[in-house]
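Chains as they are written, first to last, in our numbering: chain R, 100 to 236; chain U, 100 to 236; chain G, 100 to 236. Virtual Cβ for every residue (Gly too), placed ideally from N, Cα, C.
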Amino acid sequence: MKCFRLFAVVCALLVSGVAWSQDKVVYHISETDSQALAGLRSVRNHLDTDPTAKIVVVAIGNGVDFLMEGAKDKNGSDFAGPVSALLGRGVRFEVCEITLKLRDLQREKFILDAEYTPSGVVRLTKLQLQGYAYIRP
Amino acid sequence: MKCFRLFAVVCALLVSGVAWSQDKVVYHISETDSQALAGLRSVRNHLDTDPTAKIVVVAIGNGVDFLMEGAKDKNGSDFAGPVSALLGRGVRFEVCEITLKLRDLQREKFILDAEYTPSGVVRLTKLQLQGYAYIRP
Amino acid sequence: MKCFRLFAVVCALLVSGVAWSQDKVVYHISETDSQALAGLRSVRNHLDTDPTAKIVVVAIGNGVDFLMEGAKDKNGSDFAGPVSALLGRGVRFEVCEITLKLRDLQREKFILDAEYTPSGVVRLTKLQLQGYAYIRP
Numbered sequence: 100m101k102c103f104r105l106f107a108v109v110c111a112l113l114v115s116g117v118a119w120s121q122d123k124v125v126y127h128i129s130e131t132d133s134q135a136l137a138g139l140r141s142v143r144n145h146l147d148t149d150p151t152a153k154i155v156v157v158a159i160g161n162g163v164d165f166l167m168e169g170a171k172d173k174n175g176s177d178f179a180g181p182v183s184a185l186l187g188r189g190v191r192f193e194v195c196e197i198t199l200k201l202r203d204l205q206r207e208k209f210i211l212d213a214e215y216t217p218s219g220v221v222r223l224t225k226l227q228l229q230g231y232a233y234i235r236p
Numbered sequence: 100m101k102c103f104r105l106f107a108v109v110c111a112l113l114v115s116g117v118a119w120s121q122d123k124v125v126y127h128i129s130e131t132d133s134q135a136l137a138g139l140r141s142v143r144n145h146l147d148t149d150p151t152a153k154i155v156v157v158a159i160g161n162g163v164d165f166l167m168e169g170a171k172d173k174n175g176s177d178f179a180g181p182v183s184a185l186l187g188r189g190v191r192f193e194v195c196e197i198t199l200k201l202r203d204l205q206r207e208k209f210i211l212d213a214e215y216t217p218s219g220v221v222r223l224t225k226l227q228l229q230g231y232a233y234i235r236p
Numbered sequence: 100m101k102c103f104r105l106f107a108v109v110c111a112l113l114v115s116g117v118a119w120s121q122d123k124v125v126y127h128i129s130e131t132d133s134q135a136l137a138g139l140r141s142v143r144n145h146l147d148t149d150p151t152a153k154i155v156v157v158a159i160g161n162g163v164d165f166l167m168e169g170a171k172d173k174n175g176s177d178f179a180g181p182v183s184a185l186l187g188r189g190v191r192f193e194v195c196e197i198t199l200k201l202r203d204l205q206r207e208k209f210i211l212d213a214e215y216t217p218s219g220v221v222r223l224t225k226l227q228l229q230g231y232a233y234i235r236p
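Here it is as structure tokens:
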């Protein structure tokens with residue numbers, strides 16, 4: 100019985116240790132042309148060096164385009180490949196809903212795994228105030 | 100009397116609750132051409148979604164120009180309109196004084212409601228260390 | 100003896116006070132052409148206004164070029180001058196090692212005082228989570 104308690108305590112410490120040591124960071128993409136490709140590479144490099152990092156990418160304005168179905172980068176390659184690889188590693192991609200409204204875009208245009216946030220800038224703020232670092236690629 | 104004390108306590112809690120829940124964020128504008136218009140729109144959208152947010156815009160280098168009297172955006176529209184609308188909603192606009200010195204600009208050039216800070220980058224740093232989130236539009 | 104203890108306590112308080120009041124900030128440079136010159140000026144202005152600030156410049160991607168031996172800005176002036184002036188004032192310049200690998204660059208290409216970090220974006224994150232403000236010039 101004592102042994103079990105000790106085991107439980109050790110497990111709890113390990114779990115809280117992992118939670119404590121997990122770095123959280125939000126990437127801010129506001130232009131697909133100049134930022135998306137470099138941003139996705141940075142996120143991948145980030146996870147290669149720190150695989151436990153919790154990464155959210157918030158896309159605003161012209162920065163949402165790389166998350167549309169069939170979007171291609173300036174070299175003509177699909178964004179779908181690198182995006183889905185990062186989704187598979189736990190990265191979240193959130194699209195600003197004010198942008199959708201202002202640019203008259205429908206959710207159907209976007210890849211299935213995209214998530215949505217009422218306002219990209221409010222989200223960037225709230226995540227930072229919750230302890231996320233901020234990177235603008 | 101007890102009733103009054105209770106009332107005072109409840110008021111104090113409410114006030115501190117509001118202060119606690121108010122998000123603070125600093126926007127960094129360093130180029131009028133590429134950032135000011137998008138930045139002002141983002142600030143407006145920010146307040147539309149989170150009306151209690153406390154927002155400071157720090158303008159540095161070529162980013163101070165949109166706060167000059169008579170400044171126009173690339174579409175030929177006055178910056179005065181959107182800036183004064185945001186001032187009316189509590190946004191503060193702060194101009195870097197080192198920029199004024201380096202570019203030999205006088206305060207008379209700027210709109211009356213502009214505020215001034217000795218160094219834009221020091222201000223960006225101090226606000227973040229005081230709990231402000233940071234957004235570079 | 101009591102006097103000495105008092106002195107020690109006062110010293111300790113002063114030292115911790117200095118440490119407490121020292122602002123820390125990381126500058127993120129990811130493009131030499133558009134950011135390096137303005138970034139170095141900002142760092143200099145930062146220290147002119149707040150001489151005790153602890154400043155780290157993290158260079159990533161095309162942002163590492165200004166730290167190469169013999170690098171020149173768009174006006175044809177050497178970057179070496181302003182960089183070494185800032186090194187003398189305690190600024191640290193850190194080059195992303197993933198960038199070196201991806202661009203097949205060797206450390207010998209860089210100025211002697213450059214430092215290295217395994218991943219620029221992980222470093223930007225960790226510094227912020229350690230209490231550094233973030234500025235993207």
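* Euclidean distance between Cα positions of Lys-208 (chain R) and Glu-168 (chain R) -> Taken atom to atom, the span from the alpha-carbon of Lys-208 (chain R) to that of Glu-168 (chain R) is near 6 Å.
* Which same chain residues, not among the five before or five after Ser-129 (chain R), have their C-beta less than 6 Å away from its C-beta? -> Cβ within range, chain order: Ile-159, Gly-160 and Gly-162.
* What residues of chain U sit near Ile-197 (chain R), judged by a beta carbon separation below 8 Å? -> Neighbours of Ile-197 (chain R) in chain U, taken as residues whose beta carbon is under 8 Å from its own, are Asn-144, Asp-147 and Thr-148 in chain order.
* To do: Report the rounded CA-to-CA distance for Leu-186 (chain U) versus Gly-138 (chain U), giving the unit in angstroms.
  => Spanning the two alpha carbons is a distance of roughly 14 Å.
* Asked: Can you check whether the CB of His-145 (chain G) is closer than 9 Å to the CB of Ser-218 (chain U)?
  -> Against a cut-off of 9 Å, the Cβ pair of His-145 (chain G) and Ser-218 (chain U) comes out as a contact.
* Asked: Looking at the C-beta of Pro-236 (chain R), does it have a partner C-beta in chain G at a distance below 9 Å?
  -> Under the Cβ criterion of 9 Å, Pro-236 (chain R) is counted among the residues facing chain G.
* Which of helix, strand or coil DSSP assigns to Arg-235 (chain G) -> In this structure, DSSP gives Arg-235 (chain G) a state outside helix and strand, which the three-state scheme calls coil.
* Asked: Rounded to whole angstroms, how far is the Cβ of Asp-149 (chain G) from the Cβ of Asp-172 (chain G), which I believe are closer than 8 Å?
  -> About 25 Å separates the beta carbons of Asp-149 (chain G) and Asp-172 (chain G), which is beyond the 8 Å limit, so they are not a contact pair.
* Proximal chain G residues relative to Gly-138 (chain U), where beta-carbon distance stays under 8 Å -> For a Cβ distance threshold of 8 Å, nothing in chain G lies close to Gly-138 (chain U): the least Cβ distance comes to about 14 Å.
* To do: Starting from Val-220 (chain U), find everything on chain R with Cβ-Cβ shorter than 8 Å and list it in chain order.
  => Residues of chain R passing the Cβ test: none, with the nearest at roughly 15 Å.
* Could you give the DSSP three-state label for Tyr-132 (chain R): helix, strand or coil? => In the sequence under discussion, the amino acid at residue 132 (chain R) is Asp, which differs from the Tyr named in the question. In this structure, Asp-132 (chain R) counts as helix in the three-state DSSP scheme.
* Asked: Do you know how far the Cα of Val-125 (chain U) is from the Cα of Arg-288 (chain R)?
  -> With chain R covering only 100 through 236, there is no way to say anything about residue 288 (chain R).
* Asked: Which two residues bound the contiguous alpha helix (DSSP H) that contains Gly-189 (chain R)?
  -> First-last for Gly-189 (chain R): undefined, no H or E at that position.
* Asked: Do the CB positions of Arg-222 (chain R) and Glu-193 (chain R) come within less than 9 Å of each other?
  -> Cβ distance < 9 Å, so Arg-222 (chain R) and Glu-193 (chain R) count as in contact.
* **Minimum Cβ-Cβ distance from Asp-132 (chain U) to chain R less than 9 Å** => It does not; no Cβ of chain R falls within 9 Å.
* Go ahead and pull the three-state DSSP assignment for Asp-122 (chain U). => Shown here, Asp-122 (chain U) sits in coil according to DSSP, grouped into three states, outside any helix or strand.
* **Beta-carbon proximity list for Pro-181 (chain G), same chain, < 6 Å, skipping 5 on both sides** => If the five residues before and after Pro-181 (chain G) are omitted, its C-beta is found closer than 6 Å to the C-beta atoms of Leu-139, all from its own chain and listed in chain order.
* Quick one: Cα of Ile-195 (chain R) to Cα of Glu-214 (chain R), how far? -> Note on residue identity: the sequence assigns Cys, not Ile, to residue 195 (chain R). Going from the Cα of Cys-195 (chain R) to the Cα of Glu-214 (chain R) covers about 9 Å.
* Could you tell me the distance, in whole angstroms, from the CA atom of Gln-155 (chain G) to the CA atom of Val-190 (chain R)? => First, the amino acid is wrong: residue 155 (chain G) is Val here, not Gln. Here the C-alpha atom of Val-155 (chain G) lies approximately 27 Å from the C-alpha atom of Val-190 (chain R).
* To do: For chain G, find out if any of its Cβ atoms is closer than 9 Å to the Cβ of Lys-225 (chain U); answer yes or no.
  => Using beta-carbon distances, Lys-225 (chain U) counts as an interface residue toward chain G, with a partner under 9 Å.
* Asked: Mind checking if Gly-175 (chain U) is an interface residue toward chain G, Cβ cutoff 9 Å exclusive?
  -> No, because no Cβ of chain G sits closer than 9 Å to the Cβ of Gly-175 (chain U).
* Note the first and the last residue of the continuous alpha helix (DSSP H) segment covering Lys-225 (chain G). => Segment 219-228, the alpha helix (DSSP H) holding Lys-225 (chain G).
* To do: Return the first residue and the last residue of the beta strand (DSSP E) that Lys-153 (chain U) is part of.
  => Residues 153-161.
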